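Residue numbers (the working numbering), protein chains in the order written: chain V, 674 to 1076; chain D, 1400 to 1919.
Just so it is clear, CB atoms sit at the ideal spot from N, CA and C, and this is done for glycine as well.
Note that the structure is a prediction, hence the values are computed from the model and not measured.
Heads up: the structure comes next, in structure tokens.
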């Protein structure tokens, strides 16, 4: 893969010029353009709403379209979609030549690529609503995350995060190189929310009680290296993966500690576990540790030329990710099943209203039918290497995106 | 930690003894709604529960109070194995606008199992509760409606083309410095990437289709289907005998559970002659062994094709109606009884002749007894209350004294004439208390501390004071509604003046707003 292409000359961020045309470039660069505020807010609202919704299903159960969690999700999607849609209309019909120059064409309209991805995500989210409604009518209300209409919804939500990420990165990439590291916090935050979303999709495989079984490591190896390598390479700063993992951890910890502060009770039968407050969600994965390893490796390998370098980096990063993640998560899972983790900080041993409380809650599940074996770790390594290589490709491309 | 851990699920599926306690009721063909009439403390009520067609799903609860003074009604679902302590707070039912005595509510039924709906009624005379057993099972597969299909296909196509366009723009222009036009090489590359992406998206769509089909297949396996029943006849000692056999391997996702007596009989078998519905019998075959084969001597029914409806209840309380057909041969002249074969059950009964009476008309019960359908003449409307109220009179026109018969005041069988509409079969075995299983009711009453219903101990005289359908006034009423339009025949059975007597009626039912359009 080529080295990260740097813009040859500082280019004024066109959308940012709406209100800041007369200010010095550095000052302009320090202020986020308006559309990044709305899309970042929308992305956050989606991620918070999603985890809130899972907590709602685990605690209260009774569900309508109008639950506050659903409102947070759709508010986030619609806000992001409307603001980027407006931006596209304004740029197409009323934008200056400089505005239009920093855009891509889409069916005759003009807007930055990230805006189109956000708009696509919003439409996918809205499409999933009647699909999901039909699905519930046909097959019953599901209480699982992975179903076809939920995957359409997830594609929409992830597209909104991805579009936000592209808006942030293309804006930063148009700045002078000296300013770019300072600007990439927005990128790291958007990247962290994307990590929250993707980790939620595979939440069913990630509970502490499953962290001694093979599938957890196989699924994690397939998913997380891609995001961490993309963040490490795409961010115009050192420690891009680590900052992404920090954003993920802070958001997840915030919900872990805030949600249980709200009293709630189940409204559906059967209630096998009479909970009294909102379910706190799961303690986040210790992704900061493998993210540090990934960042160190990316720094060590540098930004030199070639697919060969990135191929080697992908292998090294896959090994480092798997080694650090496996050791950290295995030991941490041991801890999470001890009484020491049963407190507000770690929120272990918290169960839904429909769980029959029994001794299984303090055991590892599926270790008999799905143990961690050298073969499974080998599979996990291969998946991690592919995932890391794709992450590098994606990160390299993000480093070049200017529109 | 949301998802039930698999070891626990395995443990549960290995415990058939747990399931053996479940009390389920699905004794009908094409009439899934649950009707109940009884007392909630001092308040007589008529309750209709429309179970969801898929689970988890919402049940519609309608409560009609049959006496004034009610100011509030609440409903609460109680799962058989979670008990009242596992029930959520009760939901207030809302009064129906324009009808001060009707209340409605919706309840989520989350598991495919047996529930009781606990109805609490409050008002000037205090508070009373009543339990209605309800079963939640999937009963149909929803087809994709054309409008919804077009909408989703349109949106899907829009998203697909949009995704390809965005990918093309990403490759072609996104990495170019502002203002720079893409060269032909970039354009070509964009087209290649778009083609590759189209292939990937096509594969993803194909994978989605495979996934959807597998979900659909798994769902289809959970749809309720009764065990398969076959019937045959044989002549023995000059007598016609009917044998019916249950194939215990045909319950779909359900395992076979042995039968238990309901109203004292292991099987209630109804025979209806086709195509004129002009002969009817209510028999009680006895098992010949442990293999699911039953036999009974036949009463003097005319030969011809018959539809058979066998009501059985399993030891887990699951009641269901098994159906089949049989061709009865002509009766022989000799009357000798073969030794060793089961005799006819003393509660067996039959009735010959097509329905003569319509709503408002009178059926002859023999020996001077009559049964009058005490309702307005003319067609009924599907989905509305059927108005099944009958007055039985003895010789001289005095109200007949009705004696309990197999533990109930009366039994009625209703069959829809499904000639030309074989998917529109309707069969229901009714009692004045409605369609609920008495065994399930007693189970839930004992689970919940004997609350409600005024039916504990099955003392029918105390069941409905002030409500029609009691011994003494010779009047019976059955809470039910015709589920779909068509022509229905009703056989209403009472024991009075000695034998069991059967009144036969027929009625046309017109399409209504709430009529069922699917075979439940």
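| Item | Value |
| --- | --- |
| Looking at C-alpha atoms only, which residue of D/1628, D/1882, D/1720, D/1451 is the closest neighbour of residue 1910 of chain D? | D/1882 |
| Output, in chain order, the set of chain C residues within a Cβ distance shorter than 9 Å of residue 1557 of chain D. | Going by chain labels, chain C is absent from the structure shown, which instead holds the protein chains V and D. |
| Assuming residue 1610 of chain D is part of the alpha helix (DSSP H), what are its boundary residues? | 1583-1621 |
| Threshold first: 4 residues or longer. Then list the alpha helix (DSSP H) segments lying entirely within the stretch 959-1041 of chain V, N to C. | 961-974, 980-1009 |
| Under the rule that 16 or more other beta-carbon atoms within 10 Å means buried, what is residue 1036 of chain V, buried or exposed? | exposed |
| With DSSP as the reference, please indicate the residues paired to residue 1833 of chain D in a beta bridge. | D/1435, D/1830 |
| Which residues in chain D sit within 9 Å of residue 786 of chain V, going by Cβ to Cβ distance? | 1565, 1568, 1569, 1572, 1573 |
| Is residue 1486 of chain D close to chain V, meaning its C-beta is less than 7 Å from at least one C-beta of that chain? | yes |
| Give me the subset of the stretch 1540-1555 of chain D whose CB atoms are less than 9 Å from a CB atom of chain V, sorted by chain position. | 1540, 1541, 1542, 1543, 1544, 1547, 1550, 1551, 1554, 1555 |
| What does residue 810 of chain V touch in chain D if you count any residue whose Cβ is under 9 Å from its own? | 1452, 1453, 1456, 1541 |
| Is DSSP giving residue 1505 of chain D helix, strand or coil here? | strand |
| Let me know the secondary structure DSSP gives residue 1547 of chain D once reduced to three states. | helix |
| Helix, strand or coil for residue 1805 of chain D? Go by DSSP, reduced to three states. | coil |
| Apply the 10 Å Cβ neighbour rule to residue 972 of chain V and answer buried if 16 or more other Cβ atoms are within range, or exposed otherwise. | exposed |
| Quick check: residue 765 of chain V and residue 782 of chain V, are their CB atoms within less than 7 Å of each other? | yes |
| So that I know if they touch, is there some Cβ in chain D lying closer than 7 Å to that of residue 925 of chain V? | no |
| Sorted by chain position, which residues of the same chain lie with C-beta nearer than 7 Å to residue 1662 of chain D's C-beta, five sequence neighbours on each side aside? | 1805, 1806, 1807 |
| Helix, strand or coil: which one does DSSP assign to residue 1048 of chain V? | helix |
| Report the neighbours of residue 888 of chain V on chain D: residues whose CB is nearer than 7 Å to its CB, in chain order. | Near residue 888 of chain V there are no residues of chain D at all, since even the closest Cβ is about 11 Å away, more than 7 Å. |
| Can you pull the chain V residues whose beta carbon is under 8 Å from the beta carbon of residue 1891 of chain D, in chain order? | Residues of chain V passing the Cβ test: none, with the nearest at roughly 37 Å. |
| Count the other CB atoms within 10 Å of the CB of residue 739 of chain V; is the residue buried (16 or more) or exposed (fewer)? | exposed |
| Go ahead and pull the three-state DSSP assignment for residue 719 of chain V. | helix |
| Kindly indicate which three-state DSSP category residue 877 of chain V falls into: helix, strand or coil? | helix |
| Could you check whether residue 1888 of chain D and residue 1676 of chain D sit closer than 7 Å to each other, using their CB atoms as the reference points? | yes |
| Can you tell me whether DSSP reads residue 1687 of chain D as helix, strand or coil? | coil |
| Report the neighbours of residue 1592 of chain D on chain V: residues whose CB is nearer than 7 Å to its CB, in chain order. | Result: empty, since nearest Cβ-Cβ is about 11 Å, beyond 7 Å. |
| Using a Cβ-Cβ cut-off of less than 7 Å, list which residues of the stretch 1586-1617 of chain D approach chain V; keep chain order. | 1607, 1610, 1611, 1614 |
| Which residues does DSSP list as the beta-bridge partners of residue 1761 of chain D? | D/1771 |
| Starting from residue 1723 of chain D, trace the beta strand (DSSP E) both ways and give me its first and last residue. | 1718-1727 |
| Count the other C-beta atoms from every protein chain shown that fall within 10 angstroms of the C-beta of residue 1604 of chain D, then say buried if there are 16 or more, exposed otherwise. | exposed |
| Would DSSP call residue 872 of chain V helix, strand or coil? | helix |
| At a Cβ threshold of 7 Å, is residue 813 of chain V touching chain D? | yes |
| Within this structure, are the beta carbons of residue 1029 of chain V and residue 945 of chain V separated by less than 7 Å? | yes |
| Would you call the stretch 1791-1805 of chain D and the stretch 1815-1830 of chain D in contact, with 3 or more CB pairs under 8 Å? | no |
| Check whether the Cβ of residue 884 of chain V lies closer than 7 Å to any Cβ atom in chain D. | no |
| For a contact meaning CB atoms closer than 9 Å, what does residue 1085 of chain V contact in chain D? | There is no way to answer for residue 1085 of chain V, as the model of chain V reaches only from 674 to 1076. |
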